[in-house]
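Novice: Here it is, the structure, as structure tokens.
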Amino acid sequence: MYCDSKPYRFFFTSPWTLLLFLVIPCTVILSFTLNVRLPLADPAHLLGNNILCAFFVALRFIRYLFVYGKKLRYSVGSGRPRREGMKLSVTAVEARRLLTHDGYTFTPDGGYGEKRDLGYPGTILLYGGLLIVLAVGSWDNLCKFSGVLLDGMGPGTDLNSPKSYNSLNRGPLTPKLDSLPQLVITGQTLPDGRYPRGATDIILVGEDGAGVKHRLIPREPVRCGDYDLYMAKLVFQPELVIKSRDSQVLYDNLVSLDPLVEKRGDFSFYGAYVGNGLVGGVYYQPERSQLMVVVTRNGHRVVTDLQFQVDQQVVQGEYIVSCAKMGQWSEIHVVRRRHKNLLRLGGFLAFAGLLMRVGIRAQRVWLQESGEGCTAWCTGDGGRRLRESTS
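Those letters in the sequence shown? Residues 6 to 396, per this note's numbering, in order.
This is how it looks when you write it as structure tokens:
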């Protein structure tokens, strides 16, 4: 290729161009690491950055693929070593003759030549793999769907209805929900030796009314068309009521209790609460339906490790503590499946191409007449061959 203008190198050959697309990903990583809201650390900015990067990578992939069959494949004016050239006692014509015999092809003016190398296909693999990763990843984000619902035993839940979800994250191109079944929870298994985080028995009912039974276990998704369903954890929600001795309500709200990594005594679930000048925590032992409550007011514990059954009302000091009701839910995630195999393939191709490009140097040479001999700048083993042939 003979085009060496700056715009051409910016779009098609310069490695520094692609480094510009690392700014936003690095900002996002720093934002999460430092827990600080940084400029451009928005998911929408990251998605736009990846789409634009995929466009640049596609241009380069097409360019390298198009030039692959040509005799001269690199840009003539770029890549020449900056070090001082090698002085040869032979003329440029003789050097070209030696290198041509060794498989080099030169430009019509004879000032530049190159020999085919396997590093060039490595560059194609590198850009092809990056293109797969960026294009597939961007498409998955444009079409993403991630919904979280808390559901318990009882009537079925329509997974096609956005109102069924406690939280919902959708992409701008997410297809309309019309293929998901109805979810019916038939049983919940508390955490034990076999299921450390519990399990949920469900029936998925399709449009034809036929039901399929499944057992949801954390980290083991159930495939449902283009979607995966999986259980994250069991969640208990007691309605905690705290009153003063004169029956003044100090706190009355639901508290979400999540599984503890390590039990506190016999208690395996815990949740914190804040409100009305009170802060504290609630522990729960589902096997015996027993609660333990801690209440702190103005920085001092006023209720300490108060244990009672769910259906009881207890008194400690100036406070009356009770549980008005208890909800037992399964936290279920519905996620549109990503094309992980394609992403793995793209990553593998990019890594293999990078190894080829780094491990195999381009075989290129620049010749310039100088006095009775010539000066040569070489990459690869062209310089060694010239020294051996002219020594």
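Think of the CB as a built atom: it goes at the ideal place given N, C-alpha and C, for glycine as much as any other residue.
#1: Do you know offhand how far G159's Cα is from H305's?
#2: So, does the region 207-214 touch the region 280-297, judging by three or more C-beta pairs under 8 Å?
#3: Is the Cβ-Cβ distance between G387 and Q368 less than 8 Å?
#4: Can you give me the Cβ contacts of T110 inside the same chain, cut-off strictly under 8 Å, excluding the 5 residues immediately before and after it?
#5: Taking only the alpha-carbon atoms, compute the straight-line gap between A277 and Q312 and give it to the nearest angstrom.
#6: Can you give me the C-alpha to C-alpha distance between L245 and Y256, rounded to a whole angstrom?
#7: Quick one, which of R101, S143, L360, H106 has its alpha-carbon nearest D114's?
#8: At 3 residues or longer, and completely inside the region 184-271: list those beta strand (DSSP E) runs for me, N to C.
#9: Give the DSSP bridge partners of V339, in chain order.
#10: What residues in its chain sit with their C-beta under 8 Å from that of V138, if we drop five residues either side in the sequence?
#11: Taking the straight line between their C-alpha atoms, what separation do you get for F26 and S143?
#12: Rounded C-beta distance between P226 and L234? I'm assuming under 8 Å.
#13: Helix, strand or coil for A277 per DSSP?
#14: Rounded to a whole number of angstroms, what is the C-alpha to C-alpha distance between L359 and V189?
#15: Compute the Euclidean distance between the alpha carbons of P186 and L221, then round it to the nearest angstrom.
#16: For S394, report the span of its alpha helix (DSSP H) as first-last.
#17: Pick helix, strand or coil for L164, following the three-state DSSP scheme.
Specialist: Taking the coordinates as given:
#1: Indexing the sequence shown from 1 puts residue 159 at position 154. Indexing the sequence shown from 1 puts residue 305 at position 300. About 42 Å.
#2: no
#3: Position 382 of the sequence shown, counting from 1, holds the residue named residue 387. Position 363 of the sequence shown, counting from 1, holds the residue named residue 368. It is a contact, given that the beta carbons lie within the stated cut-off.
#4: By one-based count along the sequence shown, residue 110 stands at place 105. Contacts found: K76, L77, G118, E119, K120.
#5: Numbered from its first residue, the sequence shown carries residue 277 at position 272. Numbered from its first residue, the sequence shown carries residue 312 at position 307. Approximately 16 Å between the Cα atoms of the pair.
#6: Taking the first residue of the sequence shown as 1, we reach residue 245 at position 240. Taking the first residue of the sequence shown as 1, we reach residue 256 at position 251. About 7 Å.
#7: On the sequence shown, position 109 is the one that residue 114 refers to. Residue R101 is the option with its Cα nearest to D114.
#8: 187-194, 204-210, 216-221, 227-229, 232-249, 254-259, 263-269
#9: Stepping through the sequence shown from its first residue, residue 339 is reached at position 334. DSSP lists G152, L234 as partners of V339.
#10: Mapped onto the sequence shown, residue 138 falls at position 133. These residues qualify, in order along the chain: L348, G351, G352, A355.
#11: Here residue 26 refers to the residue found at position 21 of the sequence shown. Here residue 143 refers to the residue found at position 138 of the sequence shown. Answer to the nearest angstrom: the Cα atoms are 14 Å apart.
#12: The residue given as residue 226 occupies position 221 in the sequence shown. The residue given as residue 234 occupies position 229 in the sequence shown. Confirmed, Cβ separation roughly 6 Å.
#13: Counted from its first residue, the sequence shown places residue 277 at position 272. Here A277 sits in strand by DSSP.
#14: Indexing the sequence shown from 1 puts residue 359 at position 354. Indexing the sequence shown from 1 puts residue 189 at position 184. Cα to Cα, L359 sits roughly 49 Å from V189.
#15: The sequence position of residue 186 within the sequence shown is 181, counting from 1. The sequence position of residue 221 within the sequence shown is 216, counting from 1. About 15 Å.
#16: On the sequence shown, position 389 is the one that residue 394 refers to. Unbroken alpha helix (DSSP H) run through S394: 387-395.
#17: The sequence position of residue 164 within the sequence shown is 159, counting from 1. Reduced to three states, the DSSP call for L164 is coil.
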